[in-house]
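In what follows, a structure is listed as structure tokens, so that the remarks can point back to it.
Numbering (our numbering), first residue to last: 717 to 923.
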């Protein structure tokens, strides 16, 4: 089996994929494609993904773009425990978490942690955008914790793809002075402690 991951370790979405690979115990090669340096828009990467995004994977001469497709594909084809819940309702919970994060979570959270950690990447430090991002991030986490309910993870008793989506951005948020405010959501602290304890989380820190 040949598995190549294109994308640099500072990307939350790349870390999401790497967490799944760690959960699966999969062997892979990684080609660092630095978004910050504009490498995603070099001709050789645009041949992989015409939209200039990471991650991208090549698996046995089959290319997959977009994190949601990559995660679903790898979870199905790689050996090891599944991160896709068994029941239709729990699969829906995981899918909802992915969709909420993609549509509302990443943009909101990056406007906060990017303000401190990657200001050039988000076009500079904009206080109005940061303050709105705090409120929007709290809404996202509040709704995701409602989906989680009384379970330890978003879609049940064990981690799912939905959990792996959210954790990398939360890791960046935890490095900012706004973390306490953003994370002051019922149910979040217990979930976050469990995510940080996962070997796959510990094995994939941003470089």
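Backbone N, C-alpha and C fix where the C-beta goes; we use that ideal spot for every residue, glycine too.
What you are looking at is a predicted structure, and each value in this text was computed from that prediction instead of being measured.
(request) Flag this pair as touching only if the region 814–826 and the region 753–767 have three or more C-beta atom pairs under 8 Å; answer yes or no. (result) no
(request) Report the partner residues of residue 870 according to the DSSP bridge assignment. (result) Answer is none; residue 870 lacks a bridge partner.
(request) Identify whether residue 945 lies in helix, strand or coil by the three-state DSSP scheme. (result) In the structure as shown, the chain starts at 717 and stops at 923, and residue 945 therefore has no counterpart that could be examined.
(message) One question on the structure: do residue 694 and residue 803 come within less than 8 Å of each other, judged by their Cβ atoms?
(response) Past the boundaries of the shown model lies residue 694; the chain is included only from 717 to 923, so the question cannot be answered.
(request) State the beta-bridge partners of residue 746 as determined by DSSP. (result) 721
(message) residue 847 and residue 898 - do their beta-carbons sit closer together than 8 Å?
(response) no
(message) Do residue 736 and residue 791 have their beta-carbon atoms positioned less than 8 Å apart in this structure?
(response) yes
(message) Using 8 Å as the threshold, is the C-beta distance between residue 820 and residue 892 below it?
(response) no
(message) Pairs of beta-carbons, one from the region 911–921 and one from the region 860–867, closer than 8 Å: are there three or more?
(response) no
(request) With DSSP as the reference, please indicate the residues paired to residue 879 in a beta bridge. (result) DSSP output for residue 879 lists no bridge partner at all.
(request) Enumerate in chain order the residues of its own chain whose CB-to-CB distance from residue 731 is below 6 Å, with the five nearest sequence positions on each side excluded. (result) 884 and 920
(message) I need the DSSP call for residue 927, collapsed to helix, strand or coil.
(response) Residue coverage of the chain in this structure runs from 717 to 923, which leaves residue 927 outside it and unanswerable.
(message) Taking the beta strand (DSSP E) that residue 780 belongs to, which residues open and close that run?
(response) 778–781
(request) Measure the Cβ-Cβ separation of residue 772 and residue 781 and say whether it is below 8 Å. (result) yes
(message) In this structure, how does DSSP classify residue 786 when only helix, strand and coil are distinguished?
(response) helix
(message) Looking at residue 911: is its Cβ nearer than 8 Å to the Cβ of residue 904?
(response) no
(request) List the DSSP bridge partners of residue 797. (result) Bridge partners of residue 797: none, in fact.
(message) Can you find the residues in the same chain that come closer than 7 Å, C-beta to C-beta, to residue 756, ignoring five residues on each side of it along the sequence?
(response) 749, 768, 769 and 770
(message) Taking 6 Å as the limit between beta carbons, can you name the residues of its chain near residue 843, skipping five residues before and five after?
(response) none
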